[in-house]
Amino acid sequence: MNLIISAMKEELAATLNVLKPTIVDKYTQIEVYQKDNLLFAISKIGLVNAAMTLTTLLKDYAIKTVYNLGTVGTLKPNFKPLSVLAITEAYYTFADAQEFGYAMGQIPGELPSYYSDKKLIATITTKMPHIQTAVLGSSDIFIDKIEYFEHIKTKFKNKIDVVDMEGCTFFQVALNYQIPIVSIKIVTDYLQANKKSSTIQFKQNLSQAGILICELISGELFNNQE
1 MNLIISAMKE
11 ELAATLNVLK
21 PTIVDKYTQI
31 EVYQKDNLLF
41 AISKIGLVNA
51 AMTLTTLLKD
61 YAIKTVYNLG
71 TVGTLKPNFK
81 PLSVLAITEA
91 YYTFADAQEF
101 GYAMGQIPGE
111 LPSYYSDKKL
121 IATITTKMPH
131 IQTAVLGSSD
141 IFIDKIEYFE
151 HIKTKFKNKI
161 DVVDMEGCTF
171 FQVALNYQIP
181 IVSIKIVTDY
191 LQANKKSSTI
201 QFKQNLSQAG
211 ILICELISGE
221 LFNNQE
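Residue numbers for the sequence shown follow this note's numbering, beginning at 1 and rising by one.
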């Protein structure tokens, strides 16, 4: 079984409307649906919600592959709104234990960063040659202020391309369970250190991003897969 996990209902709304999967009633805190060999889950926003949801599902189901489909804000102007991105690497942007010898973004005792499965990335980029690759930064902060923007840009030496509030956690949990994972993101806004601009763009593009996610799931992403 393949798991498609997103943070927000809006990200999967179009998919649920088109595919009409059956709701799974076994959970009170997690929204889960099933259609044939696809399981759909909505974790809710935030790192802890992401960890709790994915951990629960990996324990309860025989998940073969995890697909995180969702939205991101971009720190780089070359990634236009509604661009489709394959995430190759993910960091925690506000984890800082450098005083104890850890790298910026590294949770003590864990890896400095996490990667999408190389075979999945190769398959996706072959199926979708138009897709761009990007490096993700995750935190419990919506990046809408100049100090957040500059923190990520400076601390990670301009390596982070896009940001969200869940993705890196999905990577960490999947790795701990030794389940291959890949993350595909739709850009909703360009974080220009302008709160009003990024927030308005996000709200304007969220629905269309959900439609693009639906098109990926219904078409290119799972073509010729069991």
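Note that CB positions come from ideal geometry on N, CA and C, so glycine has one too. Remember, it's a predicted structure, so these values are computed and weren't measured experimentally.
Around Ser-83, the same chain offers Gln-132 and Val-187 as residues with beta carbons nearer than 7 Å, after the five sequence neighbours per side are excluded. The beta carbon of Ile-160 sits closer than 7 Å to the beta carbons of Leu-75, Tyr-91, Thr-93, Val-135, Gly-137 and Ile-152 from its chain, once the five residues preceding and following it are set aside; these are given in chain order. In the three-state scheme derived from DSSP, where H, G and I count as helix and E and B as strand, Gly-137 is classed as strand.
One Cα belongs to Leu-191, the other to Thr-71, and the distance between them is close to 13 Å. Looking at the DSSP output, Tyr-177 bridges to nothing. When the Cα atoms are used, Asn-49 and Leu-39 turn out to be separated by approximately 18 Å.
When only Cα atoms are considered, Asp-117 and Ile-217 end up about 18 Å apart. Spanning the alpha carbons of Met-104 and Gly-219 requires a straight line of approximately 38 Å. Asn-78 places its beta carbon 7 Å or farther from that of Ile-5. Across the set Lys-155, Cys-214 and Leu-221, the C-alpha of Cys-214 shows the shortest separation from the C-alpha of Asn-17. In the assembly as shown, Gln-204 is an exposed residue. Its beta-carbon has fewer than 16 other beta-carbons within 10 Å. Taking each of Ala-97, Leu-54 and Leu-120 in turn and checking the Cα distance to Gly-109, the smallest one comes out for Ala-97. Ala-14 is the residue among Thr-56, Lys-9, Ala-14 and Ile-121 whose C-alpha sits nearest the C-alpha of Gln-208.
With fewer than 16 other beta carbons inside 10 angstroms of its own, Ile-146 counts as exposed. Restricting attention to Lys-157, Tyr-33 and Ile-143, the CA atom closest to the CA of Lys-20 is found in Tyr-33.
In this chain, the alpha helix (DSSP H) harbouring Leu-47 covers 47-60.
By the Cβ-count criterion, Ala-7 is buried, with 16 or more other Cβ atoms from all chains shown falling within 10 Å of its own Cβ.
Looking only at Thr-123, Glu-150, Val-163 and Phe-171, the smallest Cα-Cα distance to Phe-222 is reached by Thr-123. Non-local beta-carbon contacts of Ile-45 in its own chain, meaning distances under 8 Å to residues more than five positions away in sequence, involve Ala-7, Met-8, Met-165 and Glu-166 in chain order. Looking from the CA of Ile-184, the closest CA among Ile-87, Gln-201 and Lys-157 belongs to Ile-87. DSSP, read as helix, strand or coil, puts Glu-166 in coil.
For Lys-9, the three-state secondary structure derived from DSSP is helix.
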